[in-house]
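The sequence shown maps to residues -18 to -1, 1 to 741 in mature numbering (1 follows the signal peptide of the UniProt record, and there is no 0). We treat Cβ as the ideally placed atom computed from N, Cα and C, and that holds for glycine. From a predicted model like this one, the values you see are computed outputs, not experimental measurements.
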Amino acid sequence: MASMRWCCIFCLFLAVFGAQVGICFSSKVYVVYMGSKSGDDPDDVLSQNHLMLASVHGGSIEQAQASHLYSYRHGFRGFAAKLTDEQASQIAQMPGVVSVFPNLKRKLHTTRSWDFMGLLGEETMEIPGHSTKNQVNVIIGFIDTGIWPESPSFSDANMPPVPAIWRGECEPGEAFNASSCNRKVIGARYYMSGYEAEEDSARIVSFRSPRDSSGHGSHTASTAAGRYVTNVNYKGLAAGGARGGAPMARIAVYKTCWDSGCYDVDLLAAFDDAIRDGVHLLSVSLGPDAPQGDYFKDSISIGSFHAASHGVLVVASVGNAGDRGSATNLAPWMITVGASSMDRDFASDIVLGNDAKLTGESLSLFGMNSSARIISASEANAGYFTPYQSSYCLESSLNSTIARGKVLVCRIAEGSTESKLAKSKVVKEAGGVGMVLIDEADKDVAIPFVIPSAIVGKEIGREILSYINNTRKPMSKISRANTVLGSQPAPRIASFSSKGPNSLTPEILKPDVAAPGLNILAAWSPVAGRMQFNILSGTSMSCPHITGIATLVKAVHPSWSPSAIKSAIMTTATILDKNDEPIRVDPEGRRANSFDYGSGFVDPSRVLDPGLIYDAHPIDYKAFLCSIGYDEKSLRLVTRDNSTCDQTFTTASSLNYPSITVPNLKDSFSVTRTVTNVGKPRSVYKAVVSNPVGINVSVVPKQLIFNRYGQKIKFTVNFKVAAPSKGYAFGFLTWTSGDARVTSPLVVQAAPFPKGLMR
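What follows is the structure, given as structure tokens:
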């Protein structure tokens, strides 16, 4: 009887415990976003947030505090907390709440490049005719995986004291203390509450501190602002000096990204602190999956909106999906960067038995001493794997008896997330002596394979397979990787770089500009591979190139707004390669357009003297929000002031943006722009138009006469359908004055005519 009573008590305990666990596990982390910062004391904001949480926790302050993760109270208002779906829904209805959204994970968008772009000098990166020495007073914040402060790229030798404007801190943690910062890396913080709430924190393979264990954050920071380091190379490849775009600028680190990604609540905390700390720019080499959601349910869009409102320029990567319409980081208040090649490749030669010499991308330091039989991996299928499955060199899919001593031709599927490096390990474990990897997506990224290997596109892949299928005893030999300088054409838009149009607001062209992002050598964390420098590819790498250039613009023009700096970079970009031919897109070599590169490939030699700029301010972004459907009530929730939609635009195309996009042109449409003279006080600019196919474009007035620096003049661009065509058409408007050229892309899609009304 007693044992039965204990059994009942135990069962009752389990039932109660199970119910509590059920409640616990039904909750998840949400962001509660409440718009711009009010004038309240930050401590009062924390108390108010606890009261809001208590109202959905039965009035319990203790439960409210236990569920609370972050309060955002410096750059904007809001908090992060663990909530059930029902509690989140209740809070979403409360006064002052703009949006409530789950804690989603964002992905990282993962030298000679500065020489290629024409920036000279080891430490100054001077642009002829301008002094950029004021970069020592510019602070760049990096929201990324942290930093390896001992890297020579982050030395503070001969740097002056930290700027007085700096209000940040050097947060201690695992293998990182206050002395880890210096006059170069002037601040460092880390954020992991959102990560720990979503993941098994016991599995963290990173330092619980601002120290970088993945290498990505050190790579991006040194690309934008690394000191000059001599005799740098990647295992003998890409030898030379390495430096960032603004080597004397200051670095502030905000580590939000861990082994599996970067969570929204941590990202927003980093934006909030960075705005308060006093950074001038933020570099964000990460983003959401495409298609991107509403601006104010996206942490990077929210953070960058408030950063721009505080005068901080946010530079972000467009993404690595590579497909049309896959661009992310779409908000007009940030500058979004696509990736290109430069005139340096890393390649291995593939010599076939018929003496055909082919070339593939590789970072493999292993070469074959003699030729060996080459077969398709489909011929070496093992066990239950079909030949088709084995052709992709999946783990355990290869028969070692057949593969031993041979070069295998493997495939990687288009859109696959499989590791290319892992495939070379599979071949090696099966006894293969080499690998040719056919990349069906033709993404030309070099990989440090563990055996002699090279990546080829579909066309060369077909040639190799044809040789194998039509030769009795096919042979091949693969050389170790070599650095190839002067590769042409250059630049090319990288195949992985995400493309427009903008899926959220098609009236805003994205990406804005392109910069080198293919096979970039920069600083690294020795924890991730026992090396100080590494080669990476991605729009993660192109983003800090623009960050570095924007830093130089800020150094020379410290009073310019974020949009003015963006305009200078966009309107001076080029659509021609180094041979003055139209820029092409990998892999097919088609002619690039504005959905590939935005305004074009960045030209640092011209950004400091753009002549005219298209400026925009917070009031303009409010009008933009009204034009895409925000009413005054929702607008005021974001701005927390008395903003109205009285000054709204007819469409989002009317935002004073450096590019002009009209996605649904019905017969005719007009757009007004305002330019500000930042060149010669007395100057005359004339309009030159290249019409998009099927569209007639006129500009009124055709001539702009300026009498003083800072003078603003409006003009109107009129579009009229001349010959209906399918899809988008591309042209440009250039204002010219002497050597000055101020160019804006024109991107137009005519609306389809209803049946019966065709012209």
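Taking the CB atoms as reference points, tell me whether residue 431 and residue 390 lie closer together than 9 Å.
Not a contact, by the Cβ cut-off of 9 Å.
Quick one: what does DSSP say residue 520 is sitting in, helix, strand or coil?
In the structure shown, residue 520 falls within a coil segment according to DSSP collapsed to helix, strand and coil.
Which residues does DSSP pair with residue 405 in a beta bridge?
Residue 405 pairs with nothing; no bridge assigned.
Going by C-alpha distance, which of 442, 364, 517 is nearest residue 429?
When the alpha-carbon of residue 429 is set against those of 442, 364, 517, the nearest one is in 517.
In the DSSP assignment, the alpha helix (DSSP H) including residue 553 goes from what residue to what residue?
Run containing residue 553: 544 to 553, per the alpha helix (DSSP H) assignment.
Determine the DSSP secondary structure at residue 478, reduced to helix, strand or coil.
If DSSP states are grouped into helix, strand and coil, residue 478 belongs with coil.
Assess, as a yes-or-no matter, whether the stretch 569 to 588 is touched by the stretch 620 to 634 under the definition of 3 or more beta carbon pairs within less than 8 Å.
Between the stretch 620 to 634 and the stretch 569 to 588 there are fewer than three inter-stretch CB-CB distances shorter than 8 Å, so the stretches are not counted as touching.
Tell me whether residue 650 sits in a helix, a strand or coil according to DSSP, three-state version.
Of the three classes helix, strand and coil, the one that applies to residue 650 here is strand, per DSSP.
For residue 729, does the count of other Cβ atoms within 10 angstroms reach 16, so buried, or fall short, so exposed?
Per the 10 Å Cβ criterion, buried.
Residue interval of the alpha helix (DSSP H) (run including residue 608)
Note, residue 608: alpha helix (DSSP H), 600 to 609.
For the candidate residues 235, 134, 117, whose alpha-carbon lies nearest to that of residue 539?
Closest by alpha carbon: 117.
Would you decide whether residue 779 is buried or exposed? Buried here means 16 or more other CB atoms lie within 10 Å of its CB.
Any property of residue 779 remains undetermined from this structure, which presents the chain solely from -18 to 741.
For residue 83, the first and last residue of its enclosing beta strand (DSSP E)
Here the beta strand (DSSP E) through residue 83 covers 81 to 84.
Is residue 230 helix, strand or coil when you go by DSSP?
When secondary structure is reduced to three states using DSSP, residue 230 falls in the coil class, being assigned neither helix nor strand.
Counting along the chain, where does the beta strand (DSSP E) carrying residue 436 start and finish?
435 to 438 is the extent of the beta strand (DSSP E) around residue 436.
With a CB to CB cut of under 8 Å and the five nearest residues on each side skipped, what residues in its chain are close to residue 336?
Cβ neighbours of residue 336 beyond the five flanking positions: 449, 453.
What are the boundary residues of the beta strand (DSSP E) that includes residue 343?
Boundaries of the beta strand (DSSP E) harbouring residue 343: 339 to 343, taken from the DSSP string.
Using a 10 Å radius around the Cβ and a threshold of 16 neighbouring Cβ atoms, would you call residue 129 buried or exposed?
Residue 129 comes out buried.
Mind listing, in chain order, the continuous beta strand (DSSP E) runs of no fewer than 3 residues lying wholly within the stretch 306 to 394?
Whole beta strand (DSSP E) segments, 3+ residues: 317 to 322, 326 to 334, 339 to 343, 354 to 358, 389 to 394.
Check whether the Cβ atoms of residue 144 and residue 122 sit closer than 9 Å, and answer yes or no.
Going by C-beta atoms, residue 144 is not nearer than 9 Å to residue 122.
Compute the beta-carbon to beta-carbon distance between residue 246 and residue 31, rounded to the nearest angstrom, for a pair I have assumed lies under 8 Å.
For residue 246 against residue 31, the beta-carbon gap comes to about 17 Å, at or over 8 Å, which does not count as contact.
Determine the extent of the beta strand (DSSP E) in which residue 700 is found, giving its start and end residues.
Taken as a continuous stretch (DSSP letters only), the beta strand (DSSP E) holding residue 700 covers 694 to 703.
Residue span of the alpha helix (DSSP H) that contains residue 199, given as start and end
Residues 198 to 207.
Given that a residue counts as buried once 16 or more other Cβ atoms are within 10 Å of its Cβ, and exposed if not, what is residue 254?
Buried, since its Cβ has 16 or more Cβ neighbours within 10 Å.
Within its chain, find whatever has a CB closer than 6 Å to the CB of residue 338; leave out the 5 residues flanking it on each side and keep chain order.
Excluding sequence neighbours, residue 338 sits near nothing in its chain.
Would you call the stretch 681 to 696 in contact with the stretch 634 to 647, where contact means no fewer than 3 C-beta pairs closer than 8 Å?
In short, these stretches do not touch, since the Cβ pair count stays below three.
Going by the DSSP bridge assignment, what does residue 464 pair with across the sheet?
Listed as beta-bridge partners of residue 464 by DSSP are 329.
Under a Cβ-count criterion, where at least 16 other Cβ atoms within 10 Å of its own Cβ denotes burial, should residue 94 be classed as buried or exposed?
Unreliable placement is indicated for residue 94, whose pLDDT of 49 sits below 50; the coordinate value is still reported in the next sentence. Here residue 94 is buried: its Cβ has 16 or more other Cβ atoms, across all protein chains shown, within 10 Å.
Starting from residue 579, trace the alpha helix (DSSP H) in both directions and tell me its first and last residue.
That run of the alpha helix (DSSP H) goes 576 to 579.
Helix, strand or coil at residue 616 according to DSSP, with G and I counted as helix:
It is helical.
Pop quiz: residue 363 and residue 351 are said to be a contact at Cβ under 8 Å. What is the actual Cβ separation, rounded to whole angstroms?
Going by Cβ atoms, the distance from residue 363 to residue 351 rounds to 28 Å, so no, they are not a contact pair.
Residue 710 - partner residues in DSSP beta bridges
731.
Among residues of its own chain, excluding the 5 on either side of residue 553, which ones have a beta-carbon nearer than 6 Å to its beta-carbon?
These residues qualify, in order along the chain: 592, 640, 724, 725.
Just verifying my parser: in three-state terms, what is the DSSP assignment at residue 274?
The answer is coil: DSSP assigns residue 274 none of H, G, I, E or B.
Helix, strand or coil at residue 678 according to DSSP, with G and I counted as helix
In the structure shown, residue 678 sits in a strand (DSSP, three-state: E or B).
For residue 217, name the three-state secondary structure that DSSP assigns.
In the structure shown, the three-state DSSP call for residue 217 is coil.
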